[in-house]
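Just so we're aligned: 9 in the UniProt record's numbering is position 9 of the sequence shown, and the numbers increase by one with no gaps anywhere. Note that beta-carbon positions come from the ideal geometry of N, C-alpha and C, so glycine has one too.
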Amino acid sequence: MGIEPGKETTTATTNSNKSSRKNRRRNRKMSPVQNLFHTCKEVFANGGTGFIPPPNHVERLRSILDSLKADDVGLSPELPYFRLIRNGRSPIITYLHLYECDKFSIGIFCLPPSGVLPLHNHPGMTVFSKLLFGTMHIKSFDWADDVPCTSATSENVPRARLAKLKVKADFVAPCNTSILYPAAGGNMHCFTAVTACAVLDVLGPPYSDPDGRHCTYYREHPFDRFPVDGKSELENEKDGFAWLEEREKPRELAVVGAPYRGPKIMDS
1 MGIEPGKETT TATTNSNKSS RKNRRRNRKM SPVQNLFHTC KEVFANGGTG FIPPPNHVER
61 LRSILDSLKA DDVGLSPELP YFRLIRNGRS PIITYLHLYE CDKFSIGIFC LPPSGVLPLH
121 NHPGMTVFSK LLFGTMHIKS FDWADDVPCT SATSENVPRA RLAKLKVKAD FVAPCNTSIL
181 YPAAGGNMHC FTAVTACAVL DVLGPPYSDP DGRHCTYYRE HPFDRFPVDG KSELENEKDG
241 FAWLEEREKP RELAVVGAPY RGPKIMDS
């Protein structure tokens, strides 16, 4: 018995439509955070140090994060994490761990007003940051490898490297998801909470000391800090550059973990 012309195509199209409808029904039943998890699994399936997802995957994950709201992960500004305790010390930042594997991690930083995540890097990583609520000041840099004299030494600072300013602005939720890449987009950044705020981070891959993805902190010095030959051509743009010096983890940085109490992620 043969197949009449067009029947095979019609059958394939029908099956495809059924599959699409099934996927849409599944996604409607799935919580936003579960949908985020499944998307991360697909986007970072081939991930590793230096991996950058294809542009269509970047946009897909960005779109999901753009639509994510604080109540989707069980957060509100009234929770104790966001209260400023005036005791003369730096505000305590709370980290909520949602998920981590060798390909990616999902977590939320909860910052009370004036809380600061100091300038730090993301070696070989692609990072998506979604401000869930509040106002946050973000300052970020990339290494200025495309200009002459990108390193300097002095008696006080053994080694500093020239970096180019990428972002210096206040972000107010709701706003678009920020994305940084291994060598672009502001791989080194600092977060300062103008008001109480929460930021959800997706890191692909996550930090890993054995794999060489160690979190390094930096001290920022102004462009004019070092009299180095060859940088005169940058004088007119000096506000767009800074010298970054590696430092130990700041003593004043206090980050504590707390249980994530939002919708659960089912890893299946």
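Taken atom to atom, the span from the alpha-carbon of P182 to that of L162 is near 17 Å. One alpha carbon belongs to P77, the other to A169, and they sit about 22 Å apart.
Burial check for E220: the Cβ neighbour count within 10 Å reaches 16 or more, so the residue is buried. Sorting R261, V73, E252 and T192 by C-alpha distance to the C-alpha of N87 places E252 at the top. By the Cβ criterion, the segment 38 to 57 is in contact with the segment 103 to 119, since at least three pairs of Cβ atoms, one from each stretch, lie closer than 8 Å.
For V127, the number of other beta carbons within 10 angstroms of its own is at least 16, and it is reported as buried.
A Cβ-Cβ distance of about 17 Å is found for the pair L75 and L117, leaving them out of contact under the 8 Å criterion. Contact check for K238 against Y217 fails: the beta carbons are separated by 8 Å or more. Taking 8 Å as the upper bound for CB-CB distance, A196 and F109 are not in contact here, some 12 Å apart.
Taken in chain order, the complete beta strand (DSSP E) segments of 3 residues or longer contained in the segment 102 to 169 are 105 to 111, 116 to 120, 126 to 133 and 135 to 143. In this structure, H214 is the residue among H214, K264, R89 and V256 with its C-alpha nearest to the C-alpha of R247.
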